[in-house]
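Asks: So that we are looking at the same thing, I have put the structure below in structure tokens.
Protein chains in written order, with this note's numbering: chain A, 1 to 353; chain B, 1001 to 1511; chain C, 2001 to 2336.
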């Protein structure tokens, strides 16, 4: 009797159903684009998905760590914009390009660590702290300049223009390599390091993780630090792409990053997801964007609506999975002491445990 | 060391929480190769004892020796490092991770810096085999039943333990077959020389698996006994009985109930929670539900009030029949419910006494049928006077009141709705003696005025004083009923200990 | 009885004293450092001056913050208000001239209520976390607004529509009256229906409230609808004030202002007791701060930094752990 139930659980593998849906969706969308528009099915169009979204892939991958622990980081887009302004203005003053990059990364690390510290040490709600962080970073850019600064630094220009040729005359940029390395490192860290598994454990149950002896406070601070670092790296990559620093860059991009994670199968309640997911999520919305572009008459806000709709569908899918899991637990458990509660624990409730 | 050697010794342990002496001079000894039951009713101090031992709470006084060496555990983690592992009723694992990871997280095997998944899987399988478990360790823990998850938790604990294993109510949510599976593991570990502390409410399980029993009551040690030499009835007596004193027996003398049935439950059942219970309450009658903790007494109350849904069975209220219930419907039908856990499910802490009193009445009336402030104050004042709630003002926050007064406010909340049936789950728990008496008198007065009451209490004397009839539950089953002159602590305890027999449904116990 | 009432009044006052102090401080600052801040003059029978300006500009924040107060009281949040504001403005302006004015306004309000309903269903009935649930509408909302405006900035020259956001009534900006009306209406709901009691009860202890017969889900649904409506009203105010609907920039960042106003006003992010008057004062404080920074010649964008820091400080003050740390320190100081 028991055995049957187990086997049933295996067949419906809830851990990878979302990522399979995402892959299927990518194939469908790409297929549809290829059938509908001439020139869509080409290597360069495919590579452009990566070139145009390299920064987003990096940011979303960093964000994924935070989301897996059950937190959130809304400050990512502002940090990217802030970094673009910082690098542009430092380069304008004639600083060495690599020193600028180093400074940017340090800023990102410190920013993320500070947010993580506030969240962990004082049990503040991550949404609130990072919402404030988002404003802080946007506002701080204005202290430097309110104008858009064009970058003329030769190192940045040459990195930006450098083409890595693959498959004939088709090419990718340096940024794509950076993004793919980040994803590879993230996948490795998640699967093969104690830290990576601990991130999942904290997302599964913070209370259990503490009881199992994991350094939960350190992990919490660390994931926000990673997110800050990735935002800064994303900012550098984005600067390569835009070759300008402007604090109004990427308004609302944090939502794109969150959407990429959700569509890529990172559970917003924490504990589940593959680190390759955000990449797939980004590609998914990238294809939608490309389709809208190829269509020609549609304006760009259709992308927003389509991505939002996907976000809704995937959140719903996640919800169904979580409810199923809970229901199964209740059937197995048969415990009646607690009243049915659908909402997951809030931070406040956790702290009371 | 051999079996029978002392493994863990706690001496003269005391612990005081603000206002409560939770443990006073308790001794506890665990030997190698034994399963040792720790028993006692709510508030007896067994969970405090375990929390002190595992470093959740610091102790005020006393010493703990492990293998003869004094130890101090300042946190659960430290206790674990010392070799004292605990498995709680609520499984403290991460169900989103694989079985193997749950066994080894925090100490994952590594090879050249990276996690060595192969080794981890092999080790896990070996570890589980020690407990006669054959699982696919790569699968996520959530794919397995709670019983298996429990077993995995035990495996982790065993692997990290140096001989002491504490199982805190591990069987509460397992079915009979799963319990046997767990017991098999426990026996194996015992035979390997481990000392296992086993906390449970199920008497049969205690007699099936344990070698020794330590009983606590009101924070003090009653004694340590060999299981085979302690009869069930003396166990129950030790747990809930008191020293027999003739003058303490106050039986309810006058009954005021009428034949009219207010509520009748027929075979209400809920899987994993309670087996079919049939029970009716007449107008003006006080019915007691007796049984140990975990016997299904609170679970039954939850079914009546619709907090949990019954799988089967019918409830009759007045002329109407119900198969499903929810609190709002129950309130409309004239039921009131003072839940067991006042803090979590009773009071609304930030609100004032007045607001707490009118809350249920307002909910009954609906959102737009607002009770004007003046009327609210009248109602609140009436009940503050009637129940003698001690407070400087009705605009005080309820969490500033003492436990007894909080309980009175909750009572007032329900009385304001003018209910026909009032369910009181542990109405006097955590309340000072004076208020206890007041609340009991109140229950009698209310019954006299025609209110029907279903009362649950772990203090038998309380029920004998208040109830016209007592229904006894045991191991989630209705085992008997006692009324009138037969009601005394001895007869109730006998029934709790021995069950009602199998041939008759409601046997008479000799008195 | 009068004694108890006075005590109740005292509790109210102690809670509202903080936002009032903050507001007083900022006004005092202006008195000394910003010449002419308190200057008021009557032009064409209308009052003009910085103070009036603050009131006028604070109106949309106030209205949204009132809706947000209810949502936060139940331990929720609504970050989609900015997008709903944009949608409502777009609906109203795109319909003006097509249908009678009152219908355009009505349509905007209905759309706002529908947005609230959508959020409410996701959160109360599907059990999605409030932040996540409202995130969807926040993202899609701007797209929908752009769908309505067809990607352009729509304008209107309807004088009567413009009256809502920039007209004068009895010498004061009309928007103030709208904000006051919303405030009084919600205050009425709080004080003269059981909404206040139920909301505070469920926000404080959901289980107890459910056991007492309150239905938390219905309450949640209702407050999200009210919040959507409030956002729509703010959308009318904003779009009428500038006689145009800008899907991209209307109400951008207003959710943070609203949350800030609520929190400064004394309502805890953890739910429970809520203070409408405090929220109104909080909104006034935020607008005064903005105006002050403007009038000091500081680039207005920098105010975001100030707001961010205020948010952190206020949430730190509400954090139990922060308070504990502080208390321990002061205890140590006493002992030492």
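Where a beta carbon is used, it is the ideal one built from N, C-alpha and C, also for glycine.
Tell me the rounded alpha-carbon separation between residue 2171(C) and residue 2153(C).
Replies: Each residue's alpha carbon lies about 31 Å from the other.
Asks: Taking only three categories from DSSP, how would you classify residue 236(A)?
Replies: Residue 236(A): helix per DSSP, three-state reduction.
Asks: Report buried or exposed for residue 2188(C), applying the criterion of at least 16 other Cβ atoms within 10 angstroms of its Cβ.
Replies: Exposed, because fewer than 16 other Cβ atoms sit within 10 Å of the Cβ of residue 2188(C).
Asks: Of the residues 2318(C), 2026(C) and 2056(C), which one's Cα is nearest the Cα of residue 2166(C)?
Replies: The option with the nearest alpha carbon to residue 2166(C) is 2056(C).
Asks: Hey, which unbroken runs of the alpha helix (DSSP H) at 4 residues or more fall wholly within the region 1276-1311 of chain B?
Replies: The region 1276-1311 of chain B contains these whole alpha helix (DSSP H) runs: 1297-1305.
Asks: So, for residue 23(A): in the same chain, excluding its five sequence neighbours on each side, which residues have a beta-carbon less than 8 Å away from its beta-carbon?
Replies: Excluding positions up to five away in sequence, the list reads 280.
Asks: Would residue 83(A) and residue 179(A) be called neighbours here (beta carbons separated by less than 9 Å)?
Replies: Contact flag unset, no.
Asks: Counting only beta-carbon atoms, is residue 1426(B) nearer than 9 Å to chain C?
Replies: So no, residue 1426(B) is outside the interface.
Asks: Would residue 69(A) count as contacting chain B if we go by Cβ distances under 9 Å?
Replies: So, not an interface residue.
Asks: Report the neighbours of residue 2246(C) on chain A: residues whose CB is nearer than 9 Å to its CB, in chain order.
Replies: Chain A residues near residue 2246(C): none, gap ~13 Å exceeds 9 Å.
Asks: Let me know the secondary structure DSSP gives residue 1496(B) once reduced to three states.
Replies: Correct three-state label for residue 1496(B): helix.
Asks: What are the residues of the region 1065-1078 of chain B that lie near chain A, defined by any Cβ-Cβ distance shorter than 8 Å?
Replies: Against chain A - using a Cβ distance shorter than 8 Å - the residues of the region 1065-1078 of chain B are 1076 and 1077.
Asks: For residue 1107(B) and residue 199(A), what's the separation of their Cα atoms in angstroms?
Replies: Straight-line Cα distance between these residues: approximately 14 Å.
Asks: If you reduce the DSSP assignment to three classes, tell me which class residue 1263(B) lands in.
Replies: DSSP places residue 1263(B) in strand when its eight states are reduced to three.
Asks: Output yes or no for whether 9 Å exceeds the beta carbon distance between residue 85(A) and residue 149(A).
Replies: It is a contact, given that the beta carbons lie within the stated cut-off.
Asks: With the cut-off set at 9 Å, would you say residue 224(A) and residue 54(A) are in Cβ contact?
Replies: Contact flag unset, no.
Asks: Check for me: the alpha helix (DSSP H) holding residue 1073(B) runs from which residue to which?
Replies: Here residue 1073(B) belongs to no alpha helix (DSSP H), and DSSP marks it neither H nor E.
Asks: What is the DSSP secondary structure of residue 1470(B), counted as helix, strand or coil?
Replies: Residue state, collapsed to three classes: strand.
Asks: Going along the chain, which residues of the region 2093-2106 of chain C sit with their C-beta nearer than 8 Å to a C-beta in chain A?
Replies: From the region 2093-2106 of chain C, no residue has a Cβ closer than 8 Å to chain A.
Asks: Would you list, in chain order, the members of the region 2163-2194 of chain C that have their beta-carbon closer than 7 Å to a beta-carbon of chain B?
Replies: Of all residues in the region 2163-2194 of chain C, 2192, 2193 and 2194 have a Cβ within less than 7 Å of some Cβ in chain B.
Asks: Quick one: Cα of residue 2258(C) to Cα of residue 2083(C), how far?
Replies: Cα to Cα, the separation comes out at about 13 Å.
Asks: Would you identify the three-state DSSP class for residue 1023(B), choosing helix, strand or coil?
Replies: Here residue 1023(B) sits in strand by DSSP.
Asks: Nearest-angstrom Cα distance between residue 2200(C) and residue 2194(C)?
Replies: Each residue's Cα considered, the two are about 10 Å apart.
Asks: So residue 270(A) and residue 68(A) are supposed to be a Cβ contact under 8 Å. How far apart are they, rounded?
Replies: Right, the Cβ-Cβ distance comes to about 6 Å (below 8 Å), so this counts as a contact.
Asks: Tell me which residues of the region 2210-2225 of chain C have at least one Cβ-Cβ distance to chain B shorter than 7 Å, keeping chain order.
Replies: Per Cβ criterion, the list reads 2210, 2211, 2212, 2213, 2214 and 2215.
Asks: In whole angstroms, what separates the C-alpha of residue 2173(C) from that of residue 2047(C)?
Replies: If I take the Cα positions, the gap works out to 8 Å.
Asks: Just by C-beta distance, which residues in the region 288-311 of chain A are closer than 9 Å to chain C?
Replies: Under the 9 Å Cβ criterion, the region 288-311 of chain A contributes 299, 300, 301, 302, 303, 304, 305, 306, 307, 308, 309 and 311.
Asks: Would residue 1037(B) and residue 1171(B) qualify as a contact pair, given that the criterion is a beta-carbon distance under 9 Å?
Replies: Result no, Cβ atoms of residue 1037(B) and residue 1171(B) do not sit closer than 9 Å.
Asks: Helix, strand or coil for residue 2173(C) per DSSP?
Replies: Residue 2173(C): strand per DSSP, three-state reduction.
Asks: Could you please give the first and the last residue of the uninterrupted beta strand (DSSP E) stretch that includes residue 1017(B)?
Replies: Residue 1017(B) -> beta strand (DSSP E) spans 1006-1017.
Asks: Taking only three categories from DSSP, how would you classify residue 37(A)?
Replies: DSSP places residue 37(A) in coil when its eight states are reduced to three.
Asks: Residue 1340(B) touches chain C at which residues, Cβ-Cβ below 9 Å?
Replies: Chain C residues near residue 1340(B): none, gap ~11 Å exceeds 9 Å.
Asks: So is residue 2039(C) buried or exposed if we call it buried at 16+ other beta carbons inside 10 Å?
Replies: When all chains shown are included, residue 2039(C) counts as exposed.
Asks: Are the C-beta atoms of residue 1155(B) and some chain A residue less than 9 Å apart?
Replies: False, the Cβ-Cβ gap to chain A never drops below 9 Å.
Asks: From this set, 1487(B), 1427(B) and 1140(B), which residue's C-alpha is nearest residue 1298(B)'s C-alpha?
Replies: Measuring from the Cα of residue 1298(B), the nearest candidate turns out to be 1427(B).
Asks: Can you tell me whether residue 1168(B) is buried or exposed? The criterion is at least 16 other CB atoms within 10 Å of its CB, across all chains shown.
Replies: Classification for residue 1168(B): buried.
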